[in-house]
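Sequence order for the protein chains is A and B. Take the position in the first sequence, starting the count at 1, then add 1; the result is the number in the numbering used here. Take the position in the second sequence, starting the count at 1, then add 403; the result is the number in the numbering used here. All C-beta atoms in this analysis are idealised placements derived from N, C-alpha and C, irrespective of residue type, glycine included. A short worksheet on the structure shown next.
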Amino acid sequence: MTTHAAVTEPARGAGIFPQEGHPAPTARIKHLREAWKAVEPRLCIERAAIYTRCCREHPGDSPSVRSARAFKAVCAELPVTIYPDELIVGNPGAERRAGSVDPELSWKWIEAELEQFQTRTQDPYVVTEDQKRRLREEIFPYWQGRSLEEAYLARLPKETAWVTVDTGVVDNDSKWRAYVGENTPDFQDIVFAKGFRGILDEAKERLALLEPMDSERLAQMEFYRASVLSCEGILELGRRYAEEAARLAARESDPVRLLELEHIAGICRRVPAEPPRDFREAIQMVWFVQVGRVLSENAVALNLGRLDQYLHPYYVKDMQKGSLTPAETQELIDCLWIKLSEWVWAVSSNTARFFAGYSAFQNLTIGGKRPDGADGTNELSYMCLRAAAEVRTHQPNLSVRIHSDCPEDFLQATCRLARLGMGFPAIHNDRTGTAMLLAAGLSPEDARDWSNCGCVVPHSRKIGEWTSAVNINLGSALEFALNDGRCRLDGRQLGLSIGDAASIQTFDELKDAFFAQLSYLVKQASIATVVAQQVHSEMAPRPFLSLLVEGCMEKGRDLSRGGAKYNVGAVLTGIGLADAANALEAARTLVFEQQVVTLPELCQALDDDWAGHEDLRALALKCSKYGNDENRVDSLATEISERYHREIRSRKDWFGSPFNSAFMGISNYLPAGSVVGATPDGRRARSPLTEGCSAHAGTDHNSPTALMKSATRINHESHAGGTLLNIKFTPGALRTDRDIANMASLIRAYFELGAFHVQFNVISAETLKAAQAHPEEHQDLLVRVAGYSARFVTLSKDVQDAIIERTAYERV
Amino acid sequence: MVPRETDPIGGCLFDIQRWSTEDGPGIRTTIFFKGCPLRCAWCCNPESWSPKPQLGFFEERCKGCGACISACSRGLARPATGRLDGCEDCGFCATACPHGARQLLGRWWSAEEILAEVGRDAIFHRRSGGGVTFSGGEATAQPRLLEHLAMEFHRRGVHQVLETCGHFPWEWNAKALSLMDLVYFDLKHMDEAAHERWIGVGTDLIQANALRIAEMGIPMIVRFPLIPGVNDERKNLVRMAVFVKERLKAPLEVMPFHPLGRHKHRAVGSDSDFAEPAPNDVEMVRELLRAQGVTVLESGPT
Ligand code: SF4
Ligand code: SF4
Numbered sequence: 002m003t004t005h006a007a008v009t010e011p012a013r014g015a016g017i018f019p020q021e022g023h024p025a026p027t028a029r030i031k032h033l034r035e036a037w038k039a040v041e042p043r044l045c046i047e048r049a050a051i052y053t054r055c056c057r058e059h060p061g062d063s064p065s066v067r068s069a070r071a072f073k074a075v076c077a078e079l080p081v082t083i084y085p086d087e088l089i090v091g092n093p094g095a096e097r098r099a100g101s102v103d104p105e106l107s108w109k110w111i112e113a114e115l116e117q118f119q120t121r122t123q124d125p126y127v128v129t130e131d132q133k134r135r136l137r138e139e140i141f142p143y144w145q146g147r148s149l150e151e152a153y154l155a156r157l158p159k160e161t162a163w164v165t166v167d168t169g170v171v172d173n174d175s176k177w178r179a180y181v182g183e184n185t186p187d188f189q190d191i192v193f194a195k196g197f198r199g200i201l202d203e204a205k206e207r208l209a210l211l212e213p214m215d216s217e218r219l220a221q222m223e224f225y226r227a228s229v230l231s232c233e234g235i236l237e238l239g240r241r242y243a244e245e246a247a248r249l250a251a252r253e254s255d256p257v258r259l260l261e262l263e264h265i266a267g268i269c270r271r272v273p274a275e276p277p278r279d280f281r282e283a284i285q286m287v288w289f290v291q292v293g294r295v296l297s298e299n300a301v302a303l304n305l306g307r308l309d310q311y312l313h314p315y316y317v318k319d320m321q322k323g324s325l326t327p328a329e330t331q332e333l334i335d336c337l338w339i340k341l342s343e344w345v346w347a348v349s350s351n352t353a354r355f356f357a358g359y360s361a362f363q364n365l366t367i368g369g370k371r372p373d374g375a376d377g378t379n380e381l382s383y384m385c386l387r388a389a390a391e392v393r394t395h396q397p398n399l400s401v402r403i404h405s406d407c408p409e410d411f412l413q414a415t416c417r418l419a420r421l422g423m424g425f426p427a428i429h430n431d432r433t434g435t436a437m438l439l440a441a442g443l444s445p446e447d448a449r450d451w452s453n454c455g456c457v458v459p460h461s462r463k464i465g466e467w468t469s470a471v472n473i474n475l476g477s478a479l480e481f482a483l484n485d486g487r488c489r490l491d492g493r494q495l496g497l498s499i500g501d502a503a504s505i506q507t508f509d510e511l512k513d514a515f516f517a518q519l520s521y522l523v524k525q526a527s528i529a530t531v532v533a534q535q536v537h538s539e540m541a542p543r544p545f546l547s548l549l550v551e552g553c554m555e556k557g558r559d560l561s562r563g564g565a566k567y568n569v570g571a572v573l574t575g576i577g578l579a580d581a582a583n584a585l586e587a588a589r590t591l592v593f594e595q596q597v598v599t600l601p602e603l604c605q606a607l608d609d610d611w612a613g614h615e616d617l618r619a620l621a622l623k624c625s626k627y628g629n630d631e632n633r634v635d636s637l638a639t640e641i642s643e644r645y646h647r648e649i650r651s652r653k654d655w656f657g658s659p660f661n662s663a664f665m666g667i668s669n670y671l672p673a674g675s676v677v678g679a680t681p682d683g684r685r686a687r688s689p690l691t692e693g694c695s696a697h698a699g700t701d702h703n704s705p706t707a708l709m710k711s712a713t714r715i716n717h718e719s720h721a722g723g724t725l726l727n728i729k730f731t732p733g734a735l736r737t738d739r740d741i742a743n744m745a746s747l748i749r750a751y752f753e754l755g756a757f758h759v760q761f762n763v764i765s766a767e768t769l770k771a772a773q774a775h776p777e778e779h780q781d782l783l784v785r786v787a788g789y790s791a792r793f794v795t796l797s798k799d800v801q802d803a804i805i806e807r808t809a810y811e812r813v
Numbered sequence: 404m405v406p407r408e409t410d411p412i413g414g415c416l417f418d419i420q421r422w423s424t425e426d427g428p429g430i431r432t433t434i435f436f437k438g439c440p441l442r443c444a445w446c447c448n449p450e451s452w453s454p455k456p457q458l459g460f461f462e463e464r465c466k467g468c469g470a471c472i473s474a475c476s477r478g479l480a481r482p483a484t485g486r487l488d489g490c491e492d493c494g495f496c497a498t499a500c501p502h503g504a505r506q507l508l509g510r511w512w513s514a515e516e517i518l519a520e521v522g523r524d525a526i527f528h529r530r531s532g533g534g535v536t537f538s539g540g541e542a543t544a545q546p547r548l549l550e551h552l553a554m555e556f557h558r559r560g561v562h563q564v565l566e567t568c569g570h571f572p573w574e575w576n577a578k579a580l581s582l583m584d585l586v587y588f589d590l591k592h593m594d595e596a597a598h599e600r601w602i603g604v605g606t607d608l609i610q611a612n613a614l615r616i617a618e619m620g621i622p623m624i625v626r627f628p629l630i631p632g633v634n635d636e637r638k639n640l641v642r643m644a645v646f647v648k649e650r651l652k653a654p655l656e657v658m659p660f661h662p663l664g665r666h667k668h669r670a671v672g673s674d675s676d677f678a679e680p681a682p683n684d685v686e687m688v689r690e691l692l693r694a695q696g697v698t699v700l701e702s703g704p705t
């Protein structure tokens, strides 16, 4: 080349809209954000204590009434606080940034880990001596023998328990040590339309029509009784906040704040009881519902659905009336962002490794088509992008739906937000999401109205589904195929004993062995799920959440028993797709084609974790790797994904719906990797596997376009549980408007190829290393761990290392 | 050497790079031809000079393992040592080197292979208004391949950009040029003697070709590599401004020299020691050219 590389110039504005500079939140938002940052995450045991007392006092209640009664008591007794500067009020804990525990689900892990909560490396919580004492004396003893965990473990077949309980090979611990979560309220058709007083009346009317004549009607009556109690609970919560706001107003000396508090009191007198009349009432209603859900279950993926769609009518009306300005709307959305970041999901240290970063996965979806097929992008969609840029907290999990006719402005603003390096938004292909839900049985209108659940699962407010039921370790399946069903690291027999490496003569035999092991793991995963679902249906009703999903009220059936309009099959997530493909490819090349090593010799090298076999490892690393648009290995990944899908669809969950497959990630590829020994592709023992459909860290050396071509060899539409692709960019590659335009085109082309999701980690390795060394100076740094964002400094060192290692597409 | 009609169509390429976003609009695939008629002392891709595959040695990667020694039939390969006289660039040592310290740079590609490789990203090209860029080395130094590819890409509706040093026989490349959607044309120096001194050839052919391209009405952007101490004096800048504005009527882009190619120089045993211009000086040069009425493009290629 005779010319010189062009030197890119810095972008004009660092903001997400080309004409703007740095995102600048209002003083109120700055104060709220500082207050949020100043508090360390802590444990709150009020809910657990009230819940336990209630159950003790009413031993004869049916599970749903018991749960609803306890919920109502929590709403009536939990301390009510309105913090300075707040416009949206309500707290799911006694303090800011508090996480509750649900001993009725599982208390053993809490007891076992109580002393380490404050000191553990991943996601520690502050816990006081008094809290520990009360837990040990008042709470745990009652739940001894009564928790869901104990029932689940008692009923789980021995063999399934052996393979699935705390092995990392098949893992569903978040489904028996915690509530399910994974729910999206129907604001449009239920909450905003009726208000909780309307819902209460409806439940009462339906109850009045029933007589306890048979088991079905008895169950329905229990459901409606629980519904009434749940509505009374949330109404009481609203009333208490109205009272508190009025009480504070009476003492307030600042005239501006006084008006605000009076306004808040007025809003809380209206919602959650009645349908909201304007934007402020509607957004407060959204938050009350969120508080109610968190109080009813401390769970992951309590999603907000399509906020820009269901709030828009109120925004338009207020604009027409002139009662609200765009700036005020922005500030309210920012306030909601802070609120969503204020509670934490309290989890076990094991779960924290799978879901690192205090993230509660409250997914909020913007953009995309409306149910009638028109483009739904509106002013609020842009404001949500801006809120993410201004507030810069780790929640909500912002998802953007992009379709071919979506405004270029919106897509580019999305890219600019991604450029800020916080790891969101997660960018989704509108059409594929719809196709996934059509395949899952939704009507075209409902399928078009999809929103995201948790990280990257296509979901809907009309659905009852376990969107992340089990993680299945594909690395283990591969290991078992080469090792007669035994773990290489500790020799445990967790797979099928169908022959070791010496018994495998051809590549096809190796592949067959792998699929046989995989099929066995899928079987165990499905058993574990069905048992868990059965136990949940008996012991863990969800009376408050059932109010929020169409179908439950109509059928008089709880969400946990299939009340929803659609029951979509539980999702079994495969981890390590790239690793399995790469490992098979390396074995094919080195053992069966080049014959530089025999399979037993290769396994010896794996047993030795490559020590003394460095040359062989160099050859293994040179073998073709998934993610570079190379047919040999990419076709293996496709074959594995198809077989996995077929295997999973052939089984049904407790509701009778066929299971769904997914290749998505939380940070699950780290713990999954930690139980897998060295693999033939050159990977070392215990090192991370790969999330979703991404390439194994550092192996996608070609280009983002090549990675995308590899990833779209996989049929995304068939994996209705979601697929994920993570691409890391350094800020240097995204400086100019041209870069942004190209990034937008890259996304559009990727989606045209049929993909579902892509996310960008825009960060320099240097910045990350600096943050690792000096966490105190990089508190703000947000990264996408896999399907979500977390503050980098809150992640454990191995998660940090994994992020640093991921390939950066630097342009030099 | 004039190629014969019976030769299979193909040529020596240094690399084909996907997700190339600096060499024309949109997302592009850039074909780096190997071989260049010029020898600019500041070139950042010296491995593209020779028209043949060539052994490269990347010192910092050499682990001293000695695997290369027995691979070389001429007894030339050894640890910590680059290409030596007598080397045939056969690449045997590169195949043997497990650490990527020895690499054979460039290989022969058939036209079919090139078309297929570029076609892999067709959807990204279409979506972004991108396409293919012929770069190098110097694409016009392999005229038969260039013409064949240009016609094939034209037939497929692919947006085509040529980056050229301008030093080529016109008639061999006229057809390919007529199919280009955009040409980046390098102008390095206006002074005949200085040009001869730094680059090894005069300016006549280059300027004549630039004028022909302008006459044909092919969109052209002049690229001016700014190298302190070589071409940054006022007299040269004014002459260039006049030529670009009056005769070519084309916009111009200032490309400040950057030292990123230095390790590659070491890899093929050549030497390059030029300083990066200060950002202020670059701005001054742009201002001066603008003051002369030249359209100076803001950032990189558009
Ligand atoms: S390229 Fe061939 S001749 Fe040159 S050093 Fe390597 S093996 Fe020897
Ligand atoms: S084979 Fe490569 S790494 Fe080993 S001594 Fe030779 S050049 Fe160095």
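Could you give the first and the last residue of the continuous beta strand (DSSP E) run that contains residue i?
i      : result
K463/A : No beta strand (DSSP E) holds K463/A; DSSP gives it neither H nor E.
A427/A : A427 to N430
P344/A : First, the residue type needs correcting, since residue 344/A is Trp and not Pro in the sequence shown. Segment: none, W344/A is in no beta strand (DSSP E) and carries neither H nor E.
M658/B : L655 to P659
Just checking residue i against ligand 1 - is the residue's beta carbon closer than 7 Å to any of the ligand's heavy atoms?
i      : result
L479/B : yes
A483/B : no
C415/B : no
D488/B : no
E450/B : no
Hey, quick one: how far does the alpha helix (DSSP H) through residue i stretch, first residue to last?
i      : result
F362/A : Per DSSP, F362/A belongs to no alpha helix (DSSP H) and is neither H nor E.
K729/A : Counting along the chain, K729/A falls outside any alpha helix (DSSP H), though it belongs to the beta strand (DSSP E) covering N727 to F730.
Should residue i be listed as close to ligand 2, given that the test is whether its C-beta is under 7 Å from any heavy atom?
i      : result
A499/B : yes
R505/B : yes
H592/B : no
G459/B : no
C456/A : no
Could you check whether residue j and residue i sit closer than 8 Å to each other, using their CB atoms as the reference points?
i      : j      : result
N474/A : G563/A : no
D279/A : S324/A : yes
P672/A : A803/A : no
F224/A : F545/A : no
A663/A : V523/A : no
A480/B : C496/B : yes
Can you tell me the Cα-Cα spacing of residue i and residue j, whole angstroms?
i      : j      : result
V229/A : C76/A  : 14 Å
F118/A : A49/A  : 17 Å
V677/A : G496/A : 13 Å
Report whether the distance from the Cβ of residue i to the nearest heavy atom of ligand 4 is below 7 Å.
i      : result
K466/B : As for ligand 4, it is missing from this structure, which binds only ligand 1 and ligand 2.
- Determine which residues of the stretch 699-732 of chain A have a Cβ less than 7 Å from any Cβ of chain B, and write them out in chain order. From the stretch 699-732 of chain A, only N703, S704, P705, T706, A707 and K710 have a Cβ closer than 7 Å to chain B.
- If you measure beta-carbon to beta-carbon, which residues of the stretch 736-749 of chain A are closer than 8 Å to chain B? T737, R739, D740, A742, N743, S746, L747 and R749
- Query: For the stretch 481-501 of chain B, which residues have a beta carbon sitting closer than 8 Å to at least one beta carbon of chain A?
  - Reply: Of all residues in the stretch 481-501 of chain B, only P501 place a beta-carbon less than 8 Å from a beta-carbon of chain A.
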